[in-house]
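Colleague: Chains as they are written, first to last, in this note's numbering: chain P, 1 to 252; chain B, 1001 to 1440. Quick reminder that beta carbons are idealized off the backbone N, C-alpha and C, glycines included. Model, not experiment: these values are computed from the prediction.
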Amino acid sequence: MSALLEVRNLQVRVEEREILHGLSLTVNKGEVHAIMGPNGSGKSTLSHVIAGKPGYEVTGGEILFKGEDLLEMSPDERAAKGVFLAFQYPVEIPGVATMTFLRTALNAQRKARGESEYSTPDFLKKVRAVAASLNIPQEMLRRGVNVGFSGGEKKRNEVLQMALFEPSLCILDEMDSGLDIDALRIAADGVNALRTSERAMVVITHYQRLLNYIVPDFVHVMSKGRVVKSGGKELALELEESGYARFEDQAA
Amino acid sequence: MNVALIKPKTGEAASDVFARARDRLPGKGPVAELRRAAFDDFVQKGLPHRRVEEWKYTDLRVLLREVAPLAAMPDQAALKRAEAALAALDVSGAHRLVLVDGVFAPSLSASTSEDGITVNTLRAMLENADLAARADLLRTNATTDAMVALNAAMATDGVVIEVAKNAAPRRPIHIVHVATQSRAAAFTRSLVKVSDGAQATLIESFVAADDASAYQAHDAVVLWAGEGAHLHHIRLVEDARDAANISTAIVTLGARTQFKTFNLTSGAAVSRYQAFIRFSGEGAHADVNGVSLLNGRQHADNTLVLDHAVPHCTSNEVFRAVVDGAAHSVFQGRINVHPDAQKTDARMMTRALLLSDEAEADNKPELEIFADDVQCGHGATTGALDDSLLFYLRARGLPEKEAQALLIQAFVGEAMEAIADEALRDVAIATAERWLAARG
Chain P
1 MSALLEVRNL QVRVEEREIL HGLSLTVNKG EVHAIMGPNG SGKSTLSHVI
51 AGKPGYEVTG GEILFKGEDL LEMSPDERAA KGVFLAFQYP VEIPGVATMT
101 FLRTALNAQR KARGESEYST PDFLKKVRAV AASLNIPQEM LRRGVNVGFS
151 GGEKKRNEVL QMALFEPSLC ILDEMDSGLD IDALRIAADG VNALRTSERA
201 MVVITHYQRL LNYIVPDFVH VMSKGRVVKS GGKELALELE ESGYARFEDQ
251 AA
Chain B
1001 MNVALIKPKT GEAASDVFAR ARDRLPGKGP VAELRRAAFD DFVQKGLPHR
1051 RVEEWKYTDL RVLLREVAPL AAMPDQAALK RAEAALAALD VSGAHRLVLV
1101 DGVFAPSLSA STSEDGITVN TLRAMLENAD LAARADLLRT NATTDAMVAL
1151 NAAMATDGVV IEVAKNAAPR RPIHIVHVAT QSRAAAFTRS LVKVSDGAQA
1201 TLIESFVAAD DASAYQAHDA VVLWAGEGAH LHHIRLVEDA RDAANISTAI
1251 VTLGARTQFK TFNLTSGAAV SRYQAFIRFS GEGAHADVNG VSLLNGRQHA
1301 DNTLVLDHAV PHCTSNEVFR AVVDGAAHSV FQGRINVHPD AQKTDARMMT
1351 RALLLSDEAE ADNKPELEIF ADDVQCGHGA TTGALDDSLL FYLRARGLPE
1401 KEAQALLIQA FVGEAMEAIA DEALRDVAIA TAERWLAARG
C-alpha cells in the first residue's frame, strides 16, 4: 500500500536562498506526525510547499499525495484532493461572510471531485452541527471571514473548516501560536475529534506543549532544512528537556 | 495661447452638427437664443481636453474626437428595437419613461398616473410652458462646463417631473435612455423636482438596442430636493461597449434633505459622469457612492463637486473601481466648504482595484475649506488583489477566478451596501455578478 503523503528529498528555494535541503517524510493514513524545530528550520516552508503557496521554487525532489504528483497541482486542486492547511495566521477577509465563504469553498471542492453541490438547507444543517460542537456561535458565521475574531476564534474557524471539508491530510501550522491554554484546549479537542483511521495529520509546532493535547504517533525534528531525527512521542519530551541545540549541531 | 490653434477644427465640425440639427431643436424665441448662445460658448471652448483642469484625465479631443451628428427621429423600426432592449432591463415595477435616441417614446413608457407625480416632456415644456420659464429649462449657473453648454444647445427632449409636496410614490421613477442608431448622438435633458417633504426614488438607465454601436449619449439631469425631502437616485450605465456617455447631474439639496445617489458604470467605451451637488439648506445629508467595473479599453470618469454652501450638512462619498484589461478609471472628488458652512462633516473614500498590469486608475481628491469648525477627511488607495487572501481562498478549494470573484464582490460590496432599496441593490449586485462571470 502506498503512503498517503510521500515527501522525497525535497529541495526548496525562496528567492536565492535554499530553505529545504533534501527533506524526506512519509505519512500514512491514520497517523499523526509532529514536526518540531527551532525558528528558521523550514517547518512552515514545508507546510506552504505542500499546500501550494506561490513564491517557493522547488529545485529538487518530489511530493506524492495518494500516489500523485502534488507539485503539479494548483492549490485548489490540492484542496479538492484532500490536503488541508490550517494557517498559523488565518487571514481576515472583510466583506466575505463566513457562511458564504464556507459554502463557496465546500461546493468548489465537491464540484472539482465531480460530486453534487450541497443544497442550502443541507449545507446549513451541516455547518450548524459542526459549529455547535466547536462552540462557534451563529453570529460569528455571519461576520466577514475572521474579521474581528480573537486568536482562539480564528483557530476554531480553521478547525471548523477542517471538519466541514473532511480532508484526508491536515497540516496544522503552529496551531498553538497566540493561544492561551483554554483556547488551545478547545481547538485541540476539535482536532482530536477529527482523528480517524482514514485521516492523517501533520502537526507543526515549536513547543512541546501542543503535543500534550494532540498526542502524535511520530515526532520529527527539523533543523536547517532537514529532518535530523525521528522517533516516537517521547522524542518531544526529550526535546523539551535538552532544547534544539544538540540537533542543530547534528545538522551542521 | 496655443489652445486656440486646436480649437477651430473641432469647432467647425460641431458647428455643422448644430446647423444641421436646428430644425429638430424645440423652442423658439428666448429658447432659440439661449441655444445659440450656449452653442457659441461650446464652440469657443471646444471639446474639453487635458489642459482643462477638470478634464485632465479625460481628454475628449482624444477619446471622443468629435461630436457625432444628431440621431434621426426614431421610426417604427427603431422603436421596435428599443422595445426589445427594454425587455432585458433588470428593473421592474417602476414608472418607466423611455427616451429613444433622445426623443420621448410614449408608446414604450408605462403609465405614471400615480397620485403626486406629474410628468411632462422637455419638448412640450420648451414649446408650451410660460414664456419666461422656457429658457430656464436649459439654463444652469452651477457650472460653465463646455459639455453642459453643448447639452443646452442640442437637447432634443427629456422628461420634466414633479413629485408633489409630501407625496411618497410607491414605485420608483425610471428614466431609460435607449440608443438604436450607430455613429449618432442623442442629447437629453431632464428635470426632476422632489417637493418639500416628498420621498422618491429615481433610476436612470442607459442601454443600447442590439447592433447600435459607436453612438454618443449626452445627458444632463437637474434635480431639486425640497425641504425634508428624501431622494434616492441610481444610475446604471450599461451602454454599448464602443459607445460614449457624457452625463452631468446638477443637484440642489434643501434643508434637512436626505439624498442618496449611486452610479454604476459597466458599459460604454468612454464615459464621464460629472455631478455638481450643492447643499442650499441646513441639516441635509448626502451619500454619494459609485462603482465602476471596467475592462478592455474602457475609460470611465466620475467627477464630483460637492458644495457645502451652508452650515450643518454632512456628506459621505464611497467609490470603488475594478479595473481589468487596459481600462482606465478616473475619480475626481472635490469638496468645497464655504466660509459660512460651519459644522460641515464631509468624508470621501475612493479605492481602485487593478486586476492587470495595463489597468490604470487616477484618483484626485480635492478639499477646499474656508470654514474653521468642520470635519473633512479623504482617502484614496489603488492596488491589486491581496495575494495572501487569494492563497487562503485557493487553499480552501476555490479556483483562481472564483477566488478573485469573491474578493472583487467584497471590494464593491461596501459601496453597494449604500443602495437603500433592496431590489435596486440586487440589480447592482446582479450587474457585478454578470461582469465577473464574463471575465470567465
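Can you grab the Cα-Cα spacing for the pair B:Met1001 / B:Arg1051, in whole Å?
Modeller: Here residue 1001 of chain B refers to the residue found at position 1 of the second sequence. Here residue 1051 of chain B refers to the residue found at position 51 of the second sequence. Confidence at B:Met1001 is low in this model, with a pLDDT of 38, below 50, so the placement of that residue is unreliable and no value is reported for it.
Colleague: Just tell me which of P:Leu211, P:Glu238, P:Phe84 and P:Tyr207 has its CA closest to the CA of P:Asn39.
Modeller: Numbered from its first residue, the first sequence carries residue 39 of chain P at position 39. For the residues P:Leu211, P:Glu238, P:Phe84 and P:Tyr207, the minimum Cα distance to P:Asn39 belongs to P:Tyr207.
Colleague: Using a Cβ distance threshold of 8 Å, determine whether the segment 1145-1164 of chain B contacts the segment 1302-1317 of chain B, with at least three qualifying pairs required.
Modeller: Judged by Cβ distances under 8 Å, the segment 1145-1164 of chain B makes no contact with the segment 1302-1317 of chain B, as fewer than three pairs qualify.
Colleague: Please report the distance separating the alpha-carbon of B:Ala1229 from that of B:Val1288.
Modeller: To locate residue 1229 of chain B, count along the second sequence from 1; it is residue 229. To locate residue 1288 of chain B, count along the second sequence from 1; it is residue 288. Approximately 16 Å between the Cα atoms of the pair.
Colleague: Which residues bound the alpha helix (DSSP H) around B:Ala1321?
Modeller: To locate residue 1321 of chain B, count along the second sequence from 1; it is residue 321. No alpha helix (DSSP H) contains B:Ala1321, which is instead part of the beta strand (DSSP E) from Thr1314 to Val1323.
Colleague: When you compare the CB of P:Lys53 with every CB in chain B, is at least one pair closer than 9 Å?
Modeller: In the first sequence, the residue the question calls residue 53 of chain P occupies position 53. Yes, its Cβ sits closer than 9 Å to a Cβ of chain B.
Colleague: Write down every uninterrupted run of the alpha helix (DSSP H) in the segment 14-61 of chain P whose length is 4 residues or greater and which is fully enclosed by it, in chain order.
Modeller: 43-51, all fully within the segment 14-61 of chain P.
Colleague: Is B:Ala1217 helix, strand or coil when you go by DSSP?
Modeller: Numbered from 1 along the second sequence, position 217 holds the residue referred to as residue 1217 of chain B. B:Ala1217 falls in the strand class under three-state DSSP.
Colleague: Are the C-beta atoms of B:Glu1402 and some chain P residue less than 9 Å apart?
Modeller: Taking the first residue of the second sequence as 1, we reach residue 1402 of chain B at position 402. Judged by the 9 Å Cβ criterion, B:Glu1402 is in contact with chain P.
Colleague: Do you know offhand how far B:Leu1223's Cα is from B:Arg1189's?
Modeller: Position 223 of the second sequence, counting from 1, holds the residue named residue 1223 of chain B. Position 189 of the second sequence, counting from 1, holds the residue named residue 1189 of chain B. Their Cα atoms are separated by approximately 11 Å.
Colleague: Candidates B:Phe1262, B:Asp1041 and B:Gln1258: which alpha carbon is nearest B:Ala1286's?
Modeller: The sequence position of residue 1286 of chain B within the second sequence is 286, counting from 1. When each option's Cα is compared against that of B:Ala1286, the closest is B:Gln1258.
Colleague: Taking Cβ-Cβ distances shorter than 9 Å, what residues in chain B pair up with P:Phe87?
Modeller: Here the question's residue 87 of chain P lines up with position 87 in the first sequence. Result: Tyr1392 and Ala1395.
Colleague: Taking 9 Å as the CB-CB cut-off, is B:Asp1386 touching chain P?
Modeller: For the purposes of this step, residue 1386 of chain B is taken as the residue at position 386 of the second sequence. Chain P contact via Cβ: present.
Colleague: If the cut is a Cβ gap below 7 Å, which residues of chain P does B:Leu1398 touch?
Modeller: Stepping through the second sequence from its first residue, residue 1398 of chain B is reached at position 398. The contacting residues are Asp76, Thr104, Ala105 and Ala108.
Colleague: Extract the residue ranges of the beta strand (DSSP E) inside the segment 139-185 of chain P, only unbroken runs of 3 or more that lie entirely within it.
Modeller: Qualifying beta strand (DSSP E) stretches, in chain order: 169-173.
Colleague: Shorter than 9 Å from the beta carbon of B:Ala1410 to some beta carbon of chain P?
Modeller: In the second sequence, counting from the first residue as 1, residue 1410 of chain B sits at position 410. It does: the Cβ of B:Ala1410 has a partner Cβ on chain P nearer than 9 Å.
Colleague: In the DSSP assignment, find the alpha helix (DSSP H) that holds B:Gly1413 and state where it starts and stops.
Modeller: Here residue 1413 of chain B is taken as the residue at index 413 of the second sequence, counted from 1. From DSSP, the alpha helix (DSSP H) with B:Gly1413 extends over Glu1400 to Met1416.
Colleague: Would you list the residues sitting across from B:Lys1442 in a DSSP beta bridge?
Modeller: Residue coverage of chain B in this structure runs from 1001 to 1440, which leaves residue 1442 of chain B outside it and unanswerable.
Colleague: Please determine, among P:Gly243, P:Ile186 and P:Pro216, the residue with the shortest C-alpha to C-alpha distance to P:Glu31.
Modeller: The residue you call residue 31 of chain P lines up with position 31 of the first sequence. The shortest C-alpha separation from P:Glu31 is found at P:Pro216.
Colleague: Which residues in chain B have a C-beta closer than 7 Å to the C-beta of P:Ala80? List them in chain order.
Modeller: Position 80 of the first sequence, counted from the first residue, corresponds to residue 80 of chain P. Result: Gly1397.
Colleague: Return helix, strand or coil for P:Ser242, following the three-state DSSP convention.
Modeller: Numbered from 1 along the first sequence, position 242 holds the residue referred to as residue 242 of chain P. If DSSP states are grouped into helix, strand and coil, P:Ser242 belongs with the helices.
Colleague: Please confirm if P:Val91 has its CB atom under 9 Å from at least one CB of chain B.
Modeller: Position 91 of the first sequence, counting from 1, holds the residue named residue 91 of chain P. So yes, P:Val91 belongs to the interface.
Colleague: Would you call the CB atoms of P:Thr309 and P:Gln11 closer than 9 Å?
Modeller: The requested residue 309 of chain P does not occur in the structure, where chain P is confined to residues 1 to 252.
Colleague: Going along the chain, which unbroken runs of the beta strand (DSSP E) with 3 or more residues stay wholly within the segment 1261-1348 of chain B?
Modeller: Counting only runs of 3 or more, we get 1270-1279, 1285-1294, 1299-1308, 1314-1323 and 1328-1337.
Colleague: Is there a C-beta anywhere in chain B that falls below 9 Å from the one on P:Val130?
Modeller: Residue numbering aside, residue 130 of chain P sits at position 130 when the first sequence is read from its first letter. By this cut-off, P:Val130 is not an interface position.
Colleague: Report yes if the CB atom of B:Gly1383 is closer than 9 Å to the CB atom of B:Ala1359, and no otherwise.
Modeller: Within the second sequence, residue 1383 of chain B is the residue found at index 383, counting from 1. Within the second sequence, residue 1359 of chain B is the residue found at index 359, counting from 1. No, the Cβ-Cβ distance between B:Gly1383 and B:Ala1359 is not below 9 Å.
Colleague: State whether the segment 1263-1273 of chain B contacts the segment 1234-1252 of chain B, with contact taken as three or more CB pairs (one from each stretch) at a distance under 8 Å.
Modeller: The segment 1263-1273 of chain B, when compared against the segment 1234-1252 of chain B, does touch it at the 8 Å Cβ threshold.
Colleague: Give me the Cα-Cα distance between B:Ala1124 and B:Ile1335, rounded to the nearest whole angstrom.
Modeller: Position 124 of the second sequence, counted from the start, is the residue given in the question as residue 1124 of chain B. Position 335 of the second sequence, counted from the start, is the residue given in the question as residue 1335 of chain B. Rounded to the nearest angstrom, the two C-alpha atoms are 36 Å apart.
Colleague: Residues in the segment 145-160 of chain P with C-beta within 7 Å of chain B's C-beta atoms, listed in sequence order?
Modeller: Under the 7 Å Cβ criterion, the segment 145-160 of chain P contributes no residue.
Colleague: Considering only their Cβ atoms, is the gap separating P:Arg128 from P:Thr98 smaller than 9 Å?
Modeller: Your numbering for residue 98 of chain P matches position 98 in the first sequence. Your numbering for residue 128 of chain P matches position 128 in the first sequence. Contact: no.
Colleague: For the alpha helix (DSSP H) that contains P:Asn107, what are its first and last residues?
Modeller: Numbered from its first residue, the first sequence carries residue 107 of chain P at position 107. Here the alpha helix (DSSP H) through P:Asn107 covers Thr98 to Ala112.
Colleague: Evaluate contact between the segment 1382-1396 of chain B and the segment 1072-1091 of chain B, counting only Cβ atoms and requiring at least three cross-stretch pairs below 8 Å.
Modeller: In short, these stretches do not touch, since the Cβ pair count stays below three.
Colleague: Which chain B residues sit within Cβ distance under 7 Å of P:Pro94?
Modeller: Mapped onto the first sequence, residue 94 of chain P falls at position 94. Going along chain B in sequence order, the residues near P:Pro94 (Cβ under 7 Å) are Ala1410.
Colleague: Give me the Cα-Cα distance between B:Arg1241 and B:Val1207, rounded to the nearest whole angstrom.
Modeller: Against the second sequence, residue 1241 of chain B aligns to sequence position 241. Against the second sequence, residue 1207 of chain B aligns to sequence position 207. Approximately 10 Å, taken between the alpha carbons.
Colleague: Quick one: list the residues of chain B neighbouring P:Ala187, beta-carbon separation under 9 Å, in chain order.
Modeller: Reading the first sequence from its first residue, position 187 is the one you call residue 187 of chain P. Within 9 Å Cβ-Cβ: nothing; P:Ala187 doesn't reach chain B, min ~18 Å.
Colleague: DSSP on B:Leu1367, reduced to helix/strand/coil?
Modeller: The count along the second sequence starts at 1 and reaches residue 1367 of chain B at position 367. Reduced to three states, the DSSP call for B:Leu1367 is strand.
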